[in-house]
Amino acid sequence: MAGRYNDQKLNQSNILSALTDHDIICTDNVLEAIMNARKEKLLSKMHPYKITEPRSEGGRWQTYYRDANGERKIIRAQTKDALLEKLIPIYFQESHLDKFIFSDLFLEWLEYKKTVTDSPNTIKRHKQHYNRYFEQSELHNMPVRRIDTLLLESECNRLVKEYRMSRKEWNNVKTILIGCFEYAVRKKYIADNPMDDVKILVKYRQVVKKTGKTETYNTEELENLNQYLDKMYAETEDTVFLAVKINFLLGLRVGELVALKWEDCNEQSHLHVVREEVRNQETNLYDVVEHTKTNCDRYVVLVPKAISILKKIPKQGNYIFMRDGERITSRQIAYVLEKYAQRQGTATKSTHKMRKTYASNLNANGVPLDCIREMLGHSSLSTTLGYVYNPLTESETYNLITKAL
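Taking the working numbering, the leading residue of the sequence shown gets 3, the next gets one more, and so forth.
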């Protein structure tokens with residue numbers, strides 16, 4: 003008898019599979035029918051609370067439900083149908099979801115993220131943040147459906163306080179929580195995102211404000227660096243020194259700089275920025291991708307000084323900056339600045355400081371901020387403002403203020 007029942011189930015499964023394979027029935031229609039049946043059952047038999055219409059224009063439908071701890075909670079949505087869709091995972095719980103813990107959710111979300119991002123470095127960073135902040139936390143082994151806003155708020159405040167996080171650090175870490183719970187809502191594992199109403203009530207670690215002294219090469223420092231670069235190029239004819247020199251006139255991300263090809267400067271007065279180098283943090287290998295960080299190409303003005311530097315560079319391949327037949331990497335650019343700082347007995351200023359020096363020099367000489375934004379490839383002016391510092395020496399600054407007053 004049991005064998006006949008199993009054969010019957012198998013035949014039903016085969017029949018259903020055949021019907022969907024041959025487009026006799028549509029899977030979407032079946033799923034929609036199931037959802038509609040669940041909504042009808044929910045309204046007629048299961049949901050004990052009244053569903054209230056919006057009281058004013060722009061208001062939301064609302065009702066109540068009991069959570070896993072038996073506490074009554076309010077739930078809202080823009081439409082009645084959307085409200086019912088939020089209630090379905092509450093009433094039609096599958097047993098495996100009751101044991102579905104936060105670490106399971108993180109791993110499932112991470113697999114999803116791999117399908118929607120081109121950056122393996124982003125995935126690695128999420129893993130590092132999870133291992134550091136969440137693996138030892140109360141959340142790690144907690145069933146997802148038992149995590150509410152107050153519990154999450156308490157845990158988030160603990161992490162900020164215990165790890166003395168700055169606001170920026172916390173914004174990076176909370177990406178995991180926001181992403182995981184948004185994913186859980188979309189998968190209908192939970193009805194609402196508990197991160198929506200989480201507030202950080204403890205104080206963030208105070209960050210020392212950055213200044214032009216640390217974020218840019220001032221006029222004097224840039225002059226000394228250029229003299230060093232000219233001297234080293236004269237001795238070695240290594241185009242890496244010209245690459246560093248020209249970037250103070252282009253303001254490119256270092257990955258964009260080393261990915262430049264001769265075809266990008268076909269126009270007389272502009273450079274076309276269309277690609278960048280990326281480093282895979284897991285393999286430590288460098289590669290060039292045919293897009294920039296923001297997935298937008300842009301044109302950068304080629305001033306006469308930059309054009310004269312380009313004319314010095316011999317064409318050894320498709321890329322502008324080559325060494326021994328190989329493309330120069332961003333690491334080799336960084337090494338030049340490190341070596342220079344070592345000789346000067348000063349702290350190394352990173353390759354990103356070239357970009358900030360470029361923006362700051364343009365600003366100090368009256369170039370409109372929106373033009374600087376375009377040259378840097380920023381979508382937001384507020385981002386550009388974070389690149390603008392005082393690139394002048396103390397005496398130059400004093401003279402400028404004296405003249406102004």
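The beta-carbon is built from N, C-alpha and C at its ideal position, and this holds for glycine as well.
With a 10 Å radius around its C-beta and 16 neighbouring C-beta atoms as the bar for buried, classify K176 as buried or exposed.
-> buried
Could you name the residues of the same chain whose beta carbon sits closer than 8 Å to that of V305, not counting the 5 residues immediately before and after it, in chain order?
-> L251
If we call anything under 7 Å between Cβ atoms a contact, is P196 one with I125?
-> no
Secondary structure at N297, three-state DSSP: helix, strand or coil?
-> coil
Taking DSSP as the reference, what is the three-state secondary structure of L86?
-> helix
Excluding sequence positions up to five away, which residues of its chain have a Cβ less than 7 Å from the Cβ of K314?
-> L244
Are R300 and G379 closer than 7 Å when you measure CB to CB?
-> yes
By how many angstroms is the C-alpha of L383 removed from the C-alpha of W111?
-> 32 Å
Can you tell which of K215, R255, S58 and K163 has the C-alpha that lies nearest to the C-alpha of T399?
-> K215
Nearest to D326 by CA position, among E42, T238, K52 and D83, is which residue?
-> T238
Note down, one range per segment and in chain order, each alpha helix (DSSP H) of at least 4 residues found wholly within the stretch 204-246.
-> 214-217 and 221-238
Thinking C-beta only, is Y66 closer than 7 Å to R74?
-> yes
Return the chain-ordered list of same chain residues with a C-beta closer than 7 Å to the C-beta of E87, the five sequence neighbours on each side being excluded.
-> none
Identified DSSP bridge partners for E487 = Residue 487 lies beyond the residue range present for the chain, which begins at 3 and ends at 407; the question has no answer from this structure.
Where does V302 fall in DSSP's three states?
-> strand
Short check: CB of T221 to CB of T395, under 7 Å?
-> yes
Using 6 Å as the cut-off, classify the Cβ of A366 as near or not near the heavy atoms of the ligand MN, replying yes or no.
-> The ligand MN is not part of the structure shown, which contains no ligands of any sort.
What is the rounded straight-line gap between the Cα of S113 and the Cα of S121?
-> The sequence given here has Glu at residue 113, not Ser. When rounded, the distance between both Cα atoms is 13 Å.
Beta-bridge partners of I103, as assigned by DSSP = P145
Report all residues from its chain with a CB closer than 8 Å to the CB of E376; omit the five preceding and five following residues, and keep chain order.
-> R300
With 16 as the cutoff for other CB atoms within 10 Å, does G5 come out buried or exposed?
-> Summary for G5: the model assigns pLDDT 46, below 50, so the residue's position carries little reliability; its value from the coordinates is reported in the next sentence. So G5 ends up on the exposed side.
Given K41 as reference, the closest of G72, D106, S58 and I92 once Cα atoms are compared = I92
Which residue's Cα is closest to the Cα of Y360: I248, I311, Q283 and I309?
-> I248
Would you check if the distance between the CB atom of L107 and the CB atom of C182 is smaller than 7 Å?
-> yes
Tell me K1's beta-bridge partners as DSSP assigns them.
-> Here the chain has residues from 3 to 407 only, and residue 1 is not among them.
Among R57, M37 and I330, which has the Cα closest to the Cα of F94?
-> M37
Between I180 and A193, what straight-line distance do the alpha-carbon atoms span, to the nearest angstrom?
-> 14 Å
Quick one: is Y391 buried, meaning 16 or more other Cβ sit within 10 Å of its Cβ, or exposed?
-> buried
Under 7 Å between the Cβ atoms of N228 and K263?
-> no
Would you mind working out which of G257, S58, R207 and A366 sits nearest R329, comparing C-alpha positions?
-> G257
W172 versus Q130: straight-line alpha-carbon distance, rounded | 14 Å
Beta carbon of E265, beta carbon of R277: below 7 Å?
-> no
What residues are listed by DSSP as bridge partners for E328?
-> R325
Whole-angstrom Cβ separation of L44 and L89, contact assumed at under 8 Å?
-> 6 Å
Inter-residue CB distance, V246 and L231 (contact presumed, cutoff 8 Å) = 6 Å
Pair within 7 Å by beta-carbon distance, V146 and I202 = no
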